[in-house]
Amino acid sequence: MPVADLAHENLFQLGVSHFDQFQDLGRPDDIEKAIECFSRALELTPDGHPRLSDLHANLGASYGSRYRRFGEISDLHKTIESASRALAITPSGHPDLPNRHGNLGTIYTDRYRRLGEIADLEKSIEHRSRALTLTPEGHPDLPRRHAGLSVSYSDRYRRFGELADLERVIECHSRAIALTPDGDPNLPDRHAALGVSYSDRYLRLGEIADLEKAIECDSRALALTPDGHPDLPDRHASLGVSYTDRYRRLGGLADLEKAIECDSRALELTPDGHPDLPTRHSALGASYSDRHQRLGELTDLEKVIECHSSALALTPDGHPDLQDRHTNMGVSYADRYQRLGEIADLEKTIEHYSHALALTPDGHPDLPDRHGNLGTAYSDQYRRLSKIADLEKSIEHNLHALTLTPEGHPDLLGRHAALGVSYNDKYRHLGKLADLESAIKWQSSALTLTPDDHPGMPDRYSNLGLSYGDRYRHLGEPLDLEKAVEYHSRALELTPDGHQQLSFRHYNRATSCHEQYQRTNDPSHLDISLRSFRRASQLLNGPPRDVFKNALRWANLASKHSYLDCMEAFRSTIDLLPHFLWLGSKTTQRYYDISIAENLALKAASAAILSSEYALALEWLEHARCVVWNQSLTLRSPVDVLHASHPDLATQLQSISQQLHHVNSQPPSSQSAADTPERRHRLAREYNDLVAQVHKLPGFENFLLPTQTNELIKAARNGPIVVINCGEDRCDALLVMPGSSEIACIPLPGFTGAKAKRTRIEMDKSIRNRRSSERGIERRPLQEEELDFQNVLADLWYEIVKPVLDFLGYTHESGLEPKSMPHITWCPTGALSFLPLHAAGDYSRPQSRVFDHVISSYTPTLTALLSSSSSALYRTSRVLIVGQEATPGHQQLPGTKQELECIVRHMQGRVGYSQLLGNQATKTGVLDAMEEHNWVHLACHAHQNAHDPTESGFFLHDGTLELALINQRSLKNKGLAFLSACQTATGDEKLPDEAIHLASGMLITGYSSVIATMWSVYDEDAPMVADRVYAQLMKDGKIGNGEAGRALHGAVAELRDKVGEREFSHWVPYIHIGS
């Protein structure tokens, strides 16, 4: 043999040896050496040499192996180049010709799967078909040829959805298995491939027999695959998919658990860097998603997002699976939106679904799903924002999805159902009967198309029941109501125990049976209704918002119909508040959610008062008002008692509370990448678990639970507390007296919530006419609408304040000095929270003003007074004085300099003080100083953010000092906060019972006493009021026992004497809040 031939033959054999070693051991070094040997051998081999085709073929196989190991696209191109050369120089009739075609077909399949080019797919089928044709009957490679061709047909089916291709796939796989002898190492692959084909045909035609065959084939493939085999992850993955499909068809929870087990094992066995790793994460995420949708566990949902995020991150741009990854992320965020209601999740849902649609080419079989998903997402967005454009988009996408779905496809029933829901939403928005008829048409056809054993059957009945209920209310036809009851009852029967939709099913049956009771007076209908209302509010595994809404609707209905047991309904609803307003949600989200409650506390308290249960009414007003506010206080609650007996548990709880408080009070502008929803949710779960652990300890059964009446009454340290329940149709005052365990009730029949709203409008109009909304703006010399304002104050006097003072015996004495006057703390609710009870009076009669008889303070809740303590001033105490006479971007405050000079004059020689003025008053500087000082005086512009209360704040030199930033600091046991700024006690009319103004915010952050303003004050008045308040407080030397309220009472009295009693816009805005 010539020397050159010997050299390239040795290199050839050495390359084969390294290639075989790589196949056996997987060492990267071997495949590199194989490629090097074959490349060198080719350089030494002349054209026409008989080894040349083998060398090109082996080099191509080596590049192919390296591609499959490392995923470099350049290796794939080189593979095709080498294999094509090998085929080109292989003569007709050569025994290796079938192999050359077969190998090239495999490589084109790899490149199609990577790049998605149709031409590669067609070439794959062409070469594999040619390989099969060239292989004679009885040849040992014949099973492999059938199997290879089936793979290419399978890819084309997945791309275009042609049923003929799928039938060819099953035919080829079945032929391959029939020709493969028992014990053949390829037999597991053959069974696995046939299992996938049956699974595909099941998904296309919905025949359960195909699904059973898929599980049989997958199980057989797994059983034949030995431990340690590199295909073992694929076996588990395929079987997991089949169990998932059977769960989705038959609803058996055991199948779902098997799917999660298989998917987890597949992921566990797949090494890092493996190209199938994204698919493993994706499959496991899908199974956890199914379990969350069934059982409602938030931990499953977090795992879903984690898995799908990993899958998306591991999938390179341009990969054909990228559209599926975005779809799965969209489904995950949609589920979390349904569970927690955070609008950011809904926005992410639409973003990912839109990406998926954009990446899906025309003609792709998944295109209908992409449109269907977007249709559902826009429907959700319509329900959240009530924009008709979203509803139109929903219908557009759902119609497109329906048009693209072929007859006989198992997803067809879902398309009809989705359209039915969208048309029902449109009917509810526009009230057009034609839309309702369309809804019933589509939902009826969806029901007809759904097999009896399908897990979606309860949804079909439920949706149709809702539409018939709507038509009954529109037309009054009894037959429609009977159908609604029938369908809701059927939906409930078919919904398995533990399903998260069970609460919704019970609620729907309850309402339809109640309507039937109203029509027939049949007590059996009432009995069913009550039982279902009760169950709807007890099933906590459903989405918390939905469960709460179900209970709230029951309570609202029961308040109109006493036979529905309104006391139980309200108790159930209020007990659900912590479950609904979860600490894992952002503060802004909880403020949005609490708006759903619709005066729950006031309605519940009215019901309790009518039942003479005054203590319960007080508790409900405390527990169902200022809920978000109280949650913040709870997170800051000291755990000293727990620490004394269980220090480790107390330390854990304190750490988690601080972290949770930090992430919840973080303003959007300051959030870091680490402050993710997942972290919030984890901290909230850990917090709840720790509190539950504490509750199991002897003596700690009520730890951090809402305060009961026997503790609430202790808030009345400095005089009576008057809690006024301002219901829509009635008002009542609940009196908490110092040293008394009884709660007194004073009916106030002359005033209602509706009147309070009208009075607020009249008062605002009067204030606007004086242009008193902003301090630092020159007032127009318009005549004050004195009479309107005077009438407002007279109404408050005769219908609310005077009856209370008469009851207490305070109107019998007059002319008392302020130091001898009794002190009352007002706790108004609802629309009454915006009205100046401290200025109530008949200004046409002597001794008929509230300030003639008592000193007035306010509190948002009794808990706020319980959590405060008296604060003495010593020489070591420090007062922070912040002044912004000229804030960039705002009007000047001309009285600020004089105001601060007055304050400093009273501080000198008595207490320490610091001043931060002008450009020294930065956000960080003021925050740091607040931590080091006992009191704070803020003379600056302020801002009330109605959209996000936590972004309300004080305008300083470098921007807004937001309430959220203040709340993050550890400001415990502080004394007075004097807010000489604009509208610092102006609440949000949408959430009157959440105390979301700057003054209450300062109470939350740790100040026990706050002086604030209901609207902007006059520049010339602020220095005088501050001067008189601090003059008195420096004499008293303390606050916390009514001293600040007494000092303000005296200061405002002097202002009133100066400007005139009926110059209400001057003196009325000043109020004291706290102790």
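Numbering (the numbering used here), first residue to last: 382 to 1456. A virtual CB, placed ideally from N, CA and C, is assigned to each residue, including glycine. Keep in mind that this is a model prediction, so the values were computed, not measured.
As computed with DSSP, Ser1238 is found in a beta bridge with Thr1206. Residue pairing by DSSP puts His1318 in a beta bridge opposite Ile1262, Phe1359. Remark: three or more beta-carbon pairs, one from each stretch, lie closer than 8 Å, so the region 1070-1081 and the region 1022-1030 are flagged as touching. In the DSSP assignment, Gly1334 falls within the beta strand (DSSP E) that extends over 1334-1337. Between Arg509 and Gly486, the gap from beta carbon to beta carbon is short of 8 Å. Glu874 counts as exposed, since fewer than 16 other beta carbons sit within 10 angstroms of its beta carbon.
Between Ala996 and Ile1124 a beta carbon distance of about 5 Å is seen, short of the 8 Å cut, so the two are scored as contacting.
Look at Gln674 here: in three-state DSSP terms it is helix.
Beta bridge pairing from DSSP links Arg1230 with Gly1222. Contact between the region 1426-1434 and the region 1304-1312 is absent, with fewer than three C-beta pairs closer than 8 Å.
Of the residues assessed, Ser1389 falls on the buried side of the cut-off, its CB having 16 or more other CB atoms within 10 angstroms.
In this chain, the alpha helix (DSSP H) harbouring Ala986 covers 981-991. DSSP places Ser1018 outside both helix and strand once states are collapsed to three, so it counts as coil. If you draw a straight line from the Cα of Met948 to the Cα of Gln882, it is about 25 Å long. Straight-line spacing of the CA atoms in Met1288 and Phe1359 works out to 14 Å.
The straight-line gap separating the alpha-carbon atoms of Ser1446 and Thr1140 is approximately 16 Å. Contiguous alpha helix (DSSP H) elements confined to the region 910-945 occur at 925-941, taking only those with 4 or more residues.
In the DSSP annotation of this structure, the continuous segment of the beta strand (DSSP E) that includes Asn1106 starts and ends at 1102-1107.
With fewer than 16 other Cβ atoms from the protein chains shown falling within 10 Å of its own Cβ, Asp608 counts as exposed.
Residue pairing by DSSP places Pro1217 in no beta bridge whatsoever. Looking from the CA of Gly753, the closest CA among Ile731, His572, Ile724 belongs to Ile731. Ile990 is positioned such that its CB atom lies closer than 8 Å to that of Ala998.
Runs of the alpha helix (DSSP H) spanning 4 or more residues and lying entirely within the region 539-624 occur at 544-560, 568-586, 589-605, in chain order. Non-local beta-carbon contacts of Asp861 in its own chain, meaning distances under 8 Å to residues more than five positions away in sequence, involve Tyr849, Gly850, Arg852, Tyr853 in chain order.
Boundaries of the beta strand (DSSP E) around Glu1343: 1340-1343. The C-beta distance from Leu800 to Asn779 rounds to 5 Å, short enough to meet the 8 Å contact threshold. Counting along the chain, no alpha helix (DSSP H) covers Asp1113; the unbroken beta strand (DSSP E) around it starts and ends at 1112-1117. Residue pairing by DSSP places Pro877 in no beta bridge whatsoever. Secondary structure of Val1307 (DSSP, three-state): helix. Approximately 44 Å separates the beta-carbon atoms of Pro836 and Gly1108; this is outside 8 Å, ruling out the contact. If you draw a 10 Å sphere on the C-beta of Lys813, you find fewer than 16 other C-beta atoms in it, and that means exposed. One thing to note: Arg432 has its Cβ within 8 Å of the Cβ of Phe393. Taking 8 Å as the cut-off, the beta carbon of Lys1138 is found closer than this to the beta carbon of Ala1212. Distance between Thr757 and Ser775, taken at the CA atoms: about 6 Å. Residue environment: Phe1132 is assigned as buried (16 or more neighbouring CB atoms within 10 Å of its CB, all protein chains considered). Straight-line spacing of the CA atoms in Ile1454 and Tyr718 works out to 38 Å.
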